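Residue numbers (the numbering used here): 31 to 715. The beta-carbon is built from N, C-alpha and C at its ideal position, and this holds for glycine as well. Predicted model, so just to flag it, every value in this text is computed and none were measured. Here is the structure we will look at.
Now the structure itself:
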């Protein structure tokens, strides 16, 4: 194949087409618009490869591109992966699947974007399934790195010998490649997120606590459950309704059942109590739905559960669903959706998704539609809320490349707690958000340990659709549960500002240690880049969860001084320490100099125009600052410059600490009022 023609897209970003690329891809499906101003302000970088080292070819119906790998290079990303963080030496088959088989790469959001420990990333912009050999295939003309081993004599013999290539393969005529270069892995991820439109900024209420009620609840039962939260002074912002709110739900009608005789009155009453309403749905349209006949001409050749699978790459199909959702849901105050089962299942011997050979009116086949179904539907829902100038935040079970700007967190029917934490680490490489929801637990210990992680995640949710559990279901640990839900509420200004940074400069609000320490070039930090059971929440908090059955664990503290968030105890850095914590505590560490804004515990997030006081925590013996984002918290006005960054600053001089906040113009209506300061960690002579 001819040498690739690389086109510079922005600072440190280049694109090339291998073969003949399909016009239908993640970026075209949702009309991705790069944040060019922010990208052009970044430092220029050189192309990270020798162009002659990139191999491309077409073999039969397969298009192949190969990139070089250094001997000790690590490979991160590839979407919402649950099994491992570093994919070096592994083959990844990136198909959307809700029930992945073993450790092969299938997942809810298999993003074909990998990030190297060397400080570059490669994206395959295609609607096709992508197989990526992450140094797991040895080409005859490329000598393997390292000495060959004899299985009979060498204990370190490997079934997959080391390879110095990444091979990218699709069953297609071609695809677009986009290469990102940076100073380190975090710099690359920032550029990727900005190229995908910038990170999403949820409404403030989206960062509160969520509770989903059992599937068959009526309006009265849902209201009673919400009232119980208020009686117990348990913060909660969102009540989620599960399939029973539909007249029919497998397949779905999107129409209110008799369980909710007056939907507008129900939604209004919940709003008055401070609750947002989130509706469950899936994409497959029941024959009993009023929009079934309208959508039938725009649907695929195969059904799912007897329901239509609409071709939402067609504008007319989008408009039909948007009009119905706007009229029956959003116009009466519904705040968002849980987009279930956009992924499909391929369990051994059974399947409930339309097949890859299904045909759709647009000319796309089942493979393409399935790979981008969740992505497309997210964008459709966002479009409706934009029409009302109301931000939304929701849940989705399938996504792909380009999703950074979409206000949805992924979730899963899987339920392994360690894998959930690993998924939280992995999601930050690929412009994804992940909700490690809690549903049930075998005992009070597991209940607490799961809830602690939930409260330090992008979307904090108890999903009781089947279990009927409540935060108080284990009375003996209810005070601990209350403590962490309260802490989630208190940290809302901190998390909200982290999401604002995600929007403006592409920094993931929750991210793996590999992104935190990739700029530190020493052997200790490099060895700990694979850490997949601890993560950063915002720029200053290091979260090290304990799992059921654990009383202690190892934690790697990167370079710099760190403090225990609760006790203020000081820890040395750049090494692994062992910490012990009772059930009432999840280990959280804070960088020295960190400034953490906290608000009082409230039963729900502050509304637009509401002012709340702040308590500002400062840790350690060095000066520090924090950029506090200030806007209405609900509309898209921030996209037109209607916001302020407030600088919270602590100066440490002559053994004294003093705090200040930057002023704003007199006409600005700030979300924040009175400020008090709390200094943690002694200043020594």
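Does residue i come out as helix, strand or coil in the three-state DSSP assignment?
i, result
"residue 276", "strand"
"residue 715", "Any reading at residue 715 needs caution, since the residue's pLDDT is 47, under 50, leaving its predicted position unreliable; the model's value is listed next. Residue state, collapsed to three classes: coil."
"residue 532", "helix"
"residue 450", "helix"
"residue 704", "strand"
"residue 396", "helix"
"residue 641", "coil"
"residue 239", "strand"
"residue 96", "strand"
"residue 717", "Outside the shown range of the chain, which is 31 to 715, sits residue 717, and nothing can be said about it."
"residue 686", "strand"
"residue 660", "strand"
"residue 166", "coil"
"residue 722", "Residue 722 is absent from the structure shown; the chain starts at 31 and stops at 715."
"residue 729", "Limits of the chain in this structure are 31 at one end and 715 at the other, which puts residue 729 out of reach."
"residue 516", "helix"
"residue 211", "strand"
"residue 145", "strand"
"residue 648", "strand"
"residue 472", "coil"
If you check the beta carbons only, do residue i and residue j fall under 8 Å apart?
i, j, result
"residue 316", "residue 282", "yes"
"residue 268", "residue 240", "yes"
"residue 443", "residue 128", "yes"
"residue 449", "residue 112", "yes"
"residue 644", "residue 627", "yes"
"residue 437", "residue 424", "yes"
"residue 69", "residue 545", "no"
"residue 42", "residue 72", "yes"
"residue 99", "residue 165", "yes"
"residue 629", "residue 238", "no"
"residue 246", "residue 274", "yes"
"residue 650", "residue 622", "yes"
"residue 595", "residue 561", "no"
"residue 254", "residue 300", "no"
"residue 488", "residue 439", "yes"
"residue 408", "residue 331", "no"
"residue 648", "residue 710", "yes"
Taking the alpha-carbon positions, what's the residue i to residue j distance?
i, j, result
"residue 583", "residue 513", "22 Å"
"residue 463", "residue 684", "43 Å"
"residue 556", "residue 341", "46 Å"
"residue 249", "residue 289", "6 Å"
"residue 633", "residue 148", "45 Å"
"residue 680", "residue 414", "42 Å"
"residue 666", "residue 566", "27 Å"
"residue 54", "residue 224", "21 Å"
"residue 639", "residue 702", "10 Å"
"residue 276", "residue 291", "12 Å"
"residue 336", "residue 243", "26 Å"
"residue 56", "residue 155", "6 Å"
"residue 631", "residue 303", "16 Å"
"residue 655", "residue 153", "35 Å"
"residue 538", "residue 526", "12 Å"
Using a Cβ-Cβ cutoff of less than 8 Å, which residues in the same chain neighbour residue i once the five nearest sequence positions on both sides are dropped?
i, result
"residue 364", "297, 307, 308 and 309"
"residue 77", "36, 44, 209 and 211"
"residue 700", "641, 660, 674, 676 and 694"
Residues in the same chain with beta-carbon distance under 7 Å from residue i, minus the five sequence neighbours each way, listed in chain order, please.
i, result
"residue 397", "158, 159 and 386"
"residue 130", "136 and 137"
"residue 470", "497 and 499"
"residue 690", "679"
"residue 329", "338, 339, 340 and 341"
"residue 715", "In this prediction, residue 715 scores a pLDDT of 47, lower than 50, which makes its location untrustworthy; the coordinate-derived value is nonetheless stated afterwards. Excluding residues within five positions, the ones whose Cβ falls inside 7 Å are 685."
Mind reading off the beta-carbon distance from residue i to residue j? Whole number of angstroms is fine, and I expect it under 8 Å.
i, j, result
"residue 284", "residue 354", "6 Å"
"residue 373", "residue 431", "Not quite, the Cβ-Cβ distance comes to about 15 Å (not below 8 Å), so this is no contact."
"residue 609", "residue 400", "Rounded, the Cβ-Cβ distance is 44 Å, inconsistent with contact."
"residue 663", "residue 636", "7 Å"
"residue 109", "residue 140", "5 Å"
"residue 207", "residue 46", "5 Å"
"residue 511", "residue 265", "Residue 511 to residue 265, Cβ: 11 Å. No contact."
"residue 528", "residue 568", "4 Å"
"residue 321", "residue 351", "7 Å"
Less than 6 Å between C-beta atoms, sequence neighbours within five positions excluded: which residues of the same chain meet that for residue i?
i, result
"residue 107", "143, 144, 145, 459 and 460"
"residue 203", "49 and 50"
Report yes if the C-beta of residue i is less than 7 Å from at least one heavy atom of the ligand ZN; otherwise report no.
i, result
"residue 121", "With respect to small molecules bound, the structure shown includes none, and the ligand ZN cannot be examined in it."
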